[in-house]
Amino acid sequence: MYRKMTTFQFRITGLIFALFNSGVLSFKQRQLAVSPFTPGQFPINSIVVDPKDDKSPLHSTVFYPEVVGTFIPIYFIGGLYGHVLSEDYSDFLTEVASHGFIVIGMDPNSPLLDRYQMHESREKKLDLYLQQMKWLAEHMGNKTKSVADWSRPVLMCQSAGCDDTLEMIHQNRSIAKASVFIDPVSVHSLDMKIIPSKIAVLTYMAELSEAFPYCCIAGMGWNKIYDLMTCVKVRMEVKKFGHCDLLTTRPGHSVTTPRSAGQPMTPGYRSTEALPPG
28 MYRKMTTFQF RITGLIFALF NSGVLSFKQR QLAVSPFTPG QFPINSIVVD
78 PKDDKSPLHS TVFYPEVVGT FIPIYFIGGL YGHVLSEDYS DFLTEVASHG
128 FIVIGMDPNS PLLDRYQMHE SREKKLDLYL QQMKWLAEHM GNKTKSVADW
178 SRPVLMCQSA GCDDTLEMIH QNRSIAKASV FIDPVSVHSL DMKIIPSKIA
228 VLTYMAELSE AFPYCCIAGM GWNKIYDLMT CVKVRMEVKK FGHCDLLTTR
278 PGHSVTTPRS AGQPMTPGYR STEALPPG
């Protein structure tokens with residue numbers, strides 16, 4: 028049976044459900060995040076760290092609760108293998124953070140990086156992700172009012188950014204406590220074998236992502252990821268929702284761009300029908 032909820036509420040519902048079932052959230056954190064059907068209770072601020080000013084390996088945007096407390100960190104990689112920057116997902120990442128998480132958008136292809144780094148090998152980019160995660164754990168303590176529990180990380184991605192995330196899990200099966208794959212596409216998954224990892228997985232597929240023009244390619248999406256993973260797995264589906272509707276600013280809608288519902292993203296303006304997790 029379908030349940031009415033806004034697009035933001037749908038996405039947060041799935042994320043929190045996945046974290047509940049993975050054992051990532053403590054009892055106190057479950058109490059704070061217990062109602063994903065309402066807006067998050069925490070005021071959110073954000074800061075940017077970048078190689079030029081902070082000597083960090085990568086450019087990142089950090090969305091964090093503007094309160095004293097300790098929260099689960101979520102590392103996010105955007106679409107097109109990170110070419111879609113975290114700032115383009117700012118509404119979504121802010122909403123996630125408002126439910127009691129520190130959300131870190133990692134931008135391997137940020138224009139703030141030297142030009143040559145945009146053409147580095149995939150292995151080099153994956154290594155930069157790991158370097159950035161280590162750098163953040165060592166240097167973020169005095170930059171934000173809230174602090175992260177770096178021992179309980181979560182990986183989250185969208186579209187082809189999930190190709191990088193899946194490879195990170197493939198190479199390190201204990202890199203995170205849980206993972207969230209949003210409309211995933213992974214070309215490299217075709218060459219992978221079963222991944223015996225205990226990292227819990229949530230994925231959802233937007234209805235319009237499987238309509239022409241195809242943003243999610245059959246055999247390289249959620250079902251392939253679930254075939255590879257041996258851990259706890261949860262799938263969600265959403266109706267009347269497009270691949271690019273996750274973005275704060277979406278590209279123009281044409282036959283050459285990802286399918287979208289073509290309606291405003293503001294929760295007050297549109298709602299969608301979502302299957303409850305399970």
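No gaps in the numbering here: position 143 of the sequence shown is 170 in our numbering, and each next residue is one more. Built from N, CA and C at the ideal position, the CB exists for glycine as well.
Range of the contiguous alpha helix (DSSP H) that encloses residue i
| i | result |
| --- | --- |
| residue 78 | 78-81 |
| residue 67 | Note, residue 67: premise wrong, no alpha helix (DSSP H); not H, not E. |
| residue 182 | Careful: residue 182 lies outside any alpha helix (DSSP H), inside the beta strand (DSSP E) at 181-185. |
| residue 252 | 249-255 |
Residue i - containing beta strand (DSSP E), residue span
| i | result |
| --- | --- |
| residue 193 | Run containing residue 193: none in the beta strand (DSSP E); it sits in the alpha helix (DSSP H), 188-198. |
| residue 115 | No beta strand (DSSP E) holds residue 115; DSSP gives it neither H nor E. |
| residue 134 | 128-134 |
| residue 92 | 86-92 |
| residue 221 | Where residue 221 is concerned, there is no enclosing beta strand (DSSP E), given that its DSSP letter is neither H nor E. |
| residue 206 | 205-209 |
| residue 108 | No beta strand (DSSP E) contains residue 108, which DSSP labels as neither H nor E. |
Alpha-carbon to alpha-carbon, residue j and residue i
| i | j | result |
| --- | --- | --- |
| residue 186 | residue 94 | 32 Å |
| residue 307 | residue 274 | Look at the range of the chain in this structure, 28 to 305, and you will see that residue 307 is not part of it. |
| residue 179 | residue 203 | 7 Å |
| residue 256 | residue 167 | 32 Å |
| residue 191 | residue 107 | 10 Å |
| residue 129 | residue 220 | 32 Å |
| residue 91 | residue 75 | 11 Å |
| residue 182 | residue 152 | 16 Å |
| residue 142 | residue 134 | With a pLDDT of 43 at residue 142, under the threshold of 50, the modelled position of that residue is not reliable, and the figure given next carries that caveat. Cα-Cα distance, rounded: 14 Å. |
| residue 165 | residue 231 | 33 Å |
| residue 206 | residue 216 | 16 Å |
| residue 24 | residue 100 | Lying before the first or after the last residue shown, residue 24 is absent from the chain, which here runs from 28 to 305. |
| residue 78 | residue 111 | 18 Å |
| residue 254 | residue 188 | 19 Å |
| residue 81 | residue 121 | 22 Å |
| residue 154 | residue 123 | 26 Å |
| residue 115 | residue 131 | 13 Å |
| residue 225 | residue 69 | 30 Å |
| residue 160 | residue 71 | 21 Å |
| residue 136 | residue 208 | 20 Å |
| residue 176 | residue 214 | 32 Å |
| residue 311 | residue 109 | No statement about residue 311 is possible, as the shown extent of the chain runs from 28 to 305 and does not include it. |
Closest residue to residue i among the options (Cα-Cα distance)
| i | options | result |
| --- | --- | --- |
| residue 218 | 100, 193, 154 and 208 | 193 |
| residue 126 | 67, 80 and 177 | 67 |
| residue 210 | 101, 72, 251 and 130 | 251 |
| residue 157 | 227, 121 and 104 | 104 |
| residue 248 | 184, 110, 225 and 155 | 184 |
| residue 85 | 123, 102, 226 and 69 | 102 |
| residue 223 | 154, 201 and 109 | 201 |
For residue j and residue i, believed in contact at Cβ under 8 Å, the rounded distance
| i | j | result |
| --- | --- | --- |
| residue 83 | residue 162 | 5 Å |
| residue 73 | residue 88 | 6 Å |
| residue 258 | residue 228 | 6 Å |
Proximity test, residue i beta-carbon vs the ligand NAD heavy atom, cut-off 7 Å
| i | result |
| --- | --- |
| residue 197 | Summarising the ligand content, the structure contains no ligands, and the ligand NAD is consequently not present. |
Flag this pair as touching only if the segment 188-207 and the segment 169-177 have three or more C-beta atom pairs under 8 Å; answer yes or no. Cβ pair count under 8 Å is below three, so no.
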